[in-house]
Amino acid sequence: MSRSQSDCILTNARIVLADRVVDRGWLAVADGLIVEIGEDHPPERGEDLGGDLLMPGLIELHTDQLEAHYAPRPNVHWHPVAAVVSFDGQLATSGITTVLDSLRVWSEDGAEEVDGEAAVLAQAIAQARAAGMLRVSHFLHLRCEVPMPNVVAEAAELIGRNDVRLLSLMDHTPGQRQFRDEQKLRDYYRGKNASLTDSQLDVLFARRIEYQAAYASKNYRKLVELARTHEVFLASHDDTTLEHVAQAIEDRVAIAEFPTTVEAARALHEGGIRVLMGAPNLVRGGSHAGNVASAELAAIGALDVLSSDYMPASLLLAALRLPEIVPGVDLAAAIRAVTRTPAQAVGLEDRGEIAAGKRADLIRVRLVGELPVVRTVWHFGNRVA
């Protein structure tokens with residue numbers, strides 16, 4: 089019987105399974121799926137991986153870096169399909185084989201370069217996928233700023249797409265959640281646009297506070313209902329208090345993104361909601377906004393998923409460092425936080441672990457000193473990087 093292009097046997101690898109590491113193992117791939125896993129010598133000759141790590145392709149649930157490729161400089165918009173293809177290549181070489189591209193579903197004058205561009209980028213992703221230009225799997229994560237007047241209408245236009253898997257409920261009103269310290273929000277906006285003055289930010293913040301009072305409550309309920317109607321998973325964002333946690337549990341939120349306090353994170357985890365934290369936070373040793381550290385939550389068993397957020401290469405680096413930073417977390421558990429657990433959180437049961445019958449989304453990783461180098465990437469059994 090002739091083999092398909094994706095059929096192969098990979099040998100002499102440290103294979104990271106969901107619950108343990110096989111120090112000298114092999115696996116066989118047929119028709120894009122993992123069909124057999126073994127230890128020591130394979131039944132036939134295959135590709136020798138030289139003792140490198142072989143692990144599942146990483147699953148990324150929250151990254152807004154596509155927008156950075158689309159708007160790389162102030163007042164510069166790149167060709168949207170070219171931006172998607174460029175970002176896709178970066179993801180692949182970072183070891184990410186499935187991504188939920190996070191798109192901002194709102195528009196606001198004087199704030200961000202890519203507000204109001206979610207439909208443009210969603211269409212660009214679809215075009216690139218249809219043309220066979222992508223190396224990895226792309227789904228959509230709709231990031232909804234709840235107090236914005238037009239957010240429900242804009243979300244409704246996108247949520248019927250078959251690639252939408254997650255909708256996050258965000259509220260960045262000055263003085264609460266992530267930006268309880270208003271100065272941190274000023275620093276954030278100045279990092280995006282250095283020309284913004286204090287008086288301009290005063291106007292922007294006052295408008296944000298007005299919007300929250302006028303629209304947040306009713307928009308929140310409409311967005312939750314919209315997600316339920318379309319069977320899209322929900323994420324909360326920047327939960328800070330036990331009241332925030334209670335709301336998330338009541339609304340059957342699947343993922344809590346970046347809780348800002350130990351109290352909230354512990355309660356979310358205990359309530360059955362998967363807690364997602366930033367890989368850059370773990371690598372850097374703390375939150376850039378002064379909130380709780382990822383390592384602190386991992387140490388108390390309240391961290392379930394890591395996300396690269398603004399730095400795709402951080403996802404693999406953070407997962408491999410986690411066992412060194414947090415005693416008691418082994419390599420298999422650390423890799424679950426960037427593979428199986430995020431896959432399960434958004435219903436992607438066909439991937440995220442090395443097991444017979446799962447997709448052959450795989451990465452070969454070599455450690456050079458303390459840094460991981462992604463040497464080969466397979467997507468559905470096909471070598472893509």
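For the sequence shown, the working numbering gives the first residue as 89, with consecutive numbering after it.
Idealized CB from N, CA, C, for every residue including glycine.
These numbers come from a predicted model, not from an experiment.
**Message:** What does the Cβ neighbour count give for Gln432, buried or exposed, with the cut at 16 atoms within 10 Å?
**Reply:** buried
**Prompt:** So, is Pro168 buried or exposed, given that buried needs 16 or more other C-beta atoms within 10 angstroms?
**Reply:** Per the 10 Å Cβ criterion, buried.
**Request:** Identify whether Ile337 lies in helix, strand or coil by the three-state DSSP scheme.
**Result:** In this structure, DSSP gives Ile337 a helical state, which the three-state scheme calls helix.
**Item:** Span separating the alpha-carbon of Arg112 from that of Leu419
**Value:** 15 angstroms
**Prompt:** Going by DSSP, what residues sit across from Pro460 in a beta bridge?
**Reply:** Leu455
**Message:** For Ile388, tell me which candidate among Ser402, Leu405, Leu356 and Ala210 has the shortest Cα-Cα distance.
**Reply:** Leu356
**Asked** Sorted by chain position, which residues of the same chain lie with C-beta nearer than 6 angstroms to Ala386's C-beta, five sequence neighbours on each side aside?
**Response** If we look at Ala386 and ignore the five residues flanking it on each side, its Cβ neighbours are Val414.
**Request:** State the DSSP-derived secondary structure class of Ala219, mapped to helix, strand or coil.
**Result:** coil
**Request:** Would you mind stating whether Tyr299 and Met236 have Cβ atoms separated by less than 8 angstroms?
**Result:** yes
**Message:** What would DSSP say about Leu174, mapped onto helix, strand or coil?
**Reply:** Just to set this straight, residue 174 is Ser in the shown sequence, not Leu. Reduced to three states, the DSSP call for Ser174 is helix.
**Message:** Mapping the DSSP letters down to three states, classify Ser190 as helix, strand or coil.
**Reply:** In this structure, DSSP gives Ser190 an extended state, which the three-state scheme calls strand.
**Asked** What is the DSSP secondary structure of Asn369, reduced to helix, strand or coil?
**Response** helix
**Message:** Could you check whether Ser395 and Ala367 sit closer than 8 angstroms to each other, using their CB atoms as the reference points?
**Reply:** Closer than 8 angstroms, so yes.
**Request:** Note the first and the last residue of the continuous beta strand (DSSP E) segment covering Asp111.
**Result:** Val109 to Ala118
**Terminal residues of the beta strand (DSSP E) in which Arg447 lies** = For Arg447, there is no enclosing beta strand (DSSP E), as DSSP marks it with neither H nor E.
**Message:** Using a Cβ-Cβ cutoff of less than 7 angstroms, which residues in the same chain neighbour Arg424 once the five nearest sequence positions on both sides are dropped?
**Reply:** Ala106
**Message:** Quick check: what's the CA-CA separation for Ile122 versus Ala116?
**Reply:** 6 angstroms
**Item:** Where Val172 falls, given that 16 or more other Cβ within 10 Å makes a residue buried
**Value:** buried
**Prompt:** If we call anything under 8 angstroms between Cβ atoms a contact, is Gly374 one with His318?
**Reply:** no
**Message:** Between which residues of its own chain and Phe227 is the CB-CB distance below 6 angstroms, once the five residues before and five after are set aside?
**Reply:** When the five nearest sequence neighbours on each side are left out, the beta carbons in the same chain lying within less than 6 angstroms of the beta carbon of Phe227 are those of Leu188, Asp251 and Arg253, in order along the chain.
**Asked** Does DSSP put Arg231 in a helix, in a strand, or in coil?
**Response** strand
**Prompt:** Is DSSP giving His157 helix, strand or coil here?
**Reply:** Correct three-state label for His157: helix.
**Message:** Using a Cβ-Cβ cutoff of less than 7 angstroms, which residues in the same chain neighbour Met221 once the five nearest sequence positions on both sides are dropped?
**Reply:** Val173
**Item:** chain D contact for Leu455 (CB, 8 angstroms cutoff)
**Value:** Among the chains in the structure shown there is no chain D, since it carries only a single protein chain.
**Residue from Asn307, Ala304, Ala301 and Glu345 whose Cα sits closest to the Cα of Leu45** = Within the shown structure, residues of the chain are numbered from 89 to 473, placing residue 45 beyond reach of any answer.
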